[in-house]
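In what follows, a single structure is set out as structure tokens and then discussed.
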Amino acid sequence: MRIIDSLETGTLNAARRMKAFGRNGYEQEDIGSVARDVAALWERSLKAADLSWTGKHLFAITQLIQAAGWQGAASLDVIRQAANNDKHDASPNHEYDQLLSALDVLGSSLDTLAVVTPALLNELPATLRVRRLVCAVYEVYHAGETVYSFLAADETDSWLTADGIDEFQVENRHTSEIEARLAALPSYTLNPAGLDDLKKSLLESDSELWQIMYMDASYQQIHEILAPYQHKLPLLAGLHREDEEGNVVASIAQALITGVAPVVGPRSIVNIASISTALLAVFAQVPSRLKPLRVDRCTPQEYRGLARNCVTFDDALGVMVTDRGVVLVRTGR
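Residue numbers for the sequence shown, in UniProt numbering: 1 to 333.
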């Protein structure tokens with residue numbers, strides 16, 4: 001994604017937020033939050049486009065692009081002043097119509113800004129959504145396997161409320177090398193004390209729980225670490241990673257994007273070819289400016305919340321592409 005595309009997406013999303021506030025009601029801090037987010041986005045993006053602006057504040061940068069003839073500078077200054085007022089005033093008084101109008105002008109003036117600052121057309125480094133993942137590790141000794149179950153959970157959750165992101169089943173002779181790679185991820189902690197209650201609950205649900213850990217990582221990082229080890233042992237139906245269709249869809253999506261073989265065995269309950277065809281049809285509707293795509297998972301609740309502003313989706317597959325170029329695959333619940 002180019003810098004200018006990121007600016008356009010962020011600005012349009014901010015305008016949508018404002019319109020939603022107008023429809024559903026708002027307080028001054030809601031409007032101020034939009035102004036602060038937009039001011040930060042523009043300052044960050046303009047500095048990325050011109051390294052000579054690195055040490056300057058948004059006010060100085062706005063003056064420079066105004067002097068260069070950009071007609072949207074006055075609207076950017078409206079946003080900047082609103083953001084400053086929200087940060088420094090005890091009781092800011094934001095003007096809804098003025099801010100919404102400024103956002104509309106910014107969104108429609110980006111093409112002319114690229115003339116003033118051509119580096120806005122440069123590509124941004126691809127980024128991945130990072131989350132705090134909990135991994136529950138189960139030792140299934142009689143099957144000779146270890147199960148890594150990745151959860152979106154915190155200290156308030158139990159086995160009933162934790163959201164499953166994905167799980168991988170590997171032959172237990174690979175656990176040392178896998179866990180060495182997991183341990184290298186940021187914030188890795190083995191059996192964290194703050195998750196004692198969650199661990200106890202998971203153990204009550206399944207006595208084969210061995211340990212839990214957490215780390216900060218993207219879904220794609222986890223997939224890349226575990227996928228090469230996912231085995232294809234002939235387990236009973238209902239006890240395999242492939243028995244959750246979302247896991248298979250995510251693996252095929254990752255394979256189509258990266259060119260690696262999908263982590264799907266011959267006993268899969270789904271038709272790999274038909275899913276591949278459906279995913280390619282979804283990807284074909286994505287503007288090239290959002291590529292390369294990245295894969296992530298989301299809960300059904302998050303999926304519903306993002307559906308209004310997604311670029312494209314296939315509800316039968318449980319897949320959508322966000323305006324940030326993220327392919328979200330719905331989890332099982």
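Quick reminder that beta carbons are idealized off the backbone N, C-alpha and C, glycines included.
Strand pairing of residue i, partner residues [DSSP]
{"i": "residue 189", "result": "214"}
{"i": "residue 164", "result": "151"}
{"i": "residue 146", "result": "139, 170"}
{"i": "residue 340", "result": "The question about residue 340 has no answer, for the chain in this structure spans 1 to 333."}
{"i": "residue 334", "result": "Past the boundaries of the shown model lies residue 334; the chain is included only from 1 to 333, so the question cannot be answered."}
{"i": "residue 131", "result": "217"}
Three-state class that DSSP yields for residue i in the structure shown
{"i": "residue 36", "result": "helix"}
{"i": "residue 97", "result": "helix"}
{"i": "residue 230", "result": "strand"}
{"i": "residue 116", "result": "helix"}
{"i": "residue 44", "result": "helix"}
{"i": "residue 9", "result": "helix"}
{"i": "residue 181", "result": "helix"}
{"i": "residue 80", "result": "helix"}
{"i": "residue 245", "result": "helix"}
{"i": "residue 286", "result": "coil"}
{"i": "residue 1", "result": "coil"}
{"i": "residue 27", "result": "coil"}
{"i": "residue 209", "result": "strand"}
{"i": "residue 105", "result": "helix"}
{"i": "residue 238", "result": "Confidence at residue 238 is low in this model, with a pLDDT of 47, below 50, so the placement of that residue should be treated as unreliable; the coordinate-derived value is given next. Of the three classes helix, strand and coil, the one that applies to residue 238 here is coil, per DSSP."}
Nearest-angstrom Cα separation, counted from residue j out to residue i
{"i": "residue 331", "j": "residue 294", "result": "16 Å"}
{"i": "residue 87", "j": "residue 102", "result": "19 Å"}
{"i": "residue 237", "j": "residue 171", "result": "Because the pLDDT of residue 237 is 45, which lies under 50, any placement of that residue in the model is unreliable, and the question is left without a value."}
{"i": "residue 197", "j": "residue 139", "result": "20 Å"}
{"i": "residue 24", "j": "residue 305", "result": "15 Å"}
{"i": "residue 79", "j": "residue 311", "result": "26 Å"}
{"i": "residue 97", "j": "residue 75", "result": "12 Å"}
{"i": "residue 115", "j": "residue 149", "result": "50 Å"}
{"i": "residue 118", "j": "residue 63", "result": "17 Å"}
{"i": "residue 239", "j": "residue 145", "result": "Note that residue 239 has pLDDT 48, beneath the 50 cutoff, so the model's placement of it is unreliable and no number is given."}
{"i": "residue 141", "j": "residue 313", "result": "41 Å"}
{"i": "residue 210", "j": "residue 251", "result": "26 Å"}
Cβ pair residue i, residue j closer than 8 Å
{"i": "residue 329", "j": "residue 321", "result": "no"}
{"i": "residue 246", "j": "residue 290", "result": "no"}
{"i": "residue 297", "j": "residue 212", "result": "no"}
{"i": "residue 225", "j": "residue 133", "result": "no"}
{"i": "residue 283", "j": "residue 229", "result": "no"}
{"i": "residue 256", "j": "residue 274", "result": "no"}
{"i": "residue 41", "j": "residue 10", "result": "yes"}
{"i": "residue 216", "j": "residue 182", "result": "no"}
{"i": "residue 35", "j": "residue 99", "result": "yes"}
{"i": "residue 219", "j": "residue 192", "result": "no"}
{"i": "residue 248", "j": "residue 317", "result": "no"}
{"i": "residue 32", "j": "residue 82", "result": "yes"}
{"i": "residue 39", "j": "residue 104", "result": "no"}
{"i": "residue 194", "j": "residue 244", "result": "no"}
{"i": "residue 28", "j": "residue 92", "result": "yes"}
**Asked** For the region 38–49 against the region 2–10, are there 3 or more C-beta pairs whose distance is under 8 Å?
**Response** yes
**Asked** Does the region 127–134 come close enough to the region 92–109 to have 3 or more Cβ pairs within less than 8 Å?
**Response** no
**Item:** Segment contact flag, the region 195–210 with the region 151–165, C-beta cutoff 8 Å, min 3 pairs
**Value:** yes
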